[in-house]
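Residue numbers (the UniProt record's numbering): 1 to 174.
Even for Gly, the Cβ is constructed at its ideal location relative to N, Cα and C.
Beneath this line is the structure, given in structure tokens, with notes to follow.
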């Protein structure tokens, strides 16, 4: 079951609600989600995301940080800039543009609402294909780097599956 828990002592970012469907998530495939985020403070500057992803095998195994993907530390504003600013032009995903939502720092104080929106999750690169199916625990902490203050702390549980096999060969090869 998809669940999220807020363990934030000092909330700079507070997720008041979040939903995804289909559940479990199918990769590759389309996922529809909605989220409401409250940001009581201005968000800019140096915030570090400490991400820990665990996948269930016999035990919970931490997904390593490989090539900047996985259980890594990320600088929030730099991460957003690298993904959404090219040649000094901000190119937010159309789903965010359509709802007047920002995708780069700074974030003004306020409530940000993403209405039910569909995103396509691509097929994972062969290096990451082992992650395309399983149960996950994700812990994300947001740390204000100048003070070391933890300003957000979330625990998310979700399941990811591969699409079902289709066609007559599935009965032979699965």
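- DSSP, read as helix, strand or coil, puts residue 107 in strand.
- Of all alpha-carbon atoms in 29, 4, 23 and 26, the one lying nearest the alpha-carbon of residue 17 is that of 4.
- Membership of residue 3 in the beta strand (DSSP E) is indicated by the continuous run 3 to 6.
- Taking residue 95 as the centre and dropping the five residues before and after it, the same chain places the C-beta of 117 closer than 6 Å to its C-beta, in chain order.
- The alpha-carbon separation between residue 21 and residue 140 amounts to approximately 21 Å.
- About 25 Å separates the beta carbon of residue 54 from that of residue 34, a gap too long to meet the 8 Å contact definition.
- For residue 41, same chain residues with a beta-carbon under 7 Å away, outside a window of 5 residues either side, are 12 and 109 in chain order.
- In the DSSP assignment, no residue is bridged to residue 78.
- When DSSP reads this structure, residue 62 sits in a beta bridge with 54.
- Shown here, residue 129 sits in a helix according to DSSP, grouped into three states.
- The shortest C-alpha to C-alpha distance from residue 129 to any of 28, 58 and 111 is the one to 28.
- The Cβ-Cβ distance between residue 77 and residue 71 does not fall below 8 Å.
- Residue pairing of residue 119 in beta bridges, as defined by DSSP: 31.
- Counting of Cβ neighbours within 10 angstroms places residue 57 among the exposed residues, the total staying below 16.
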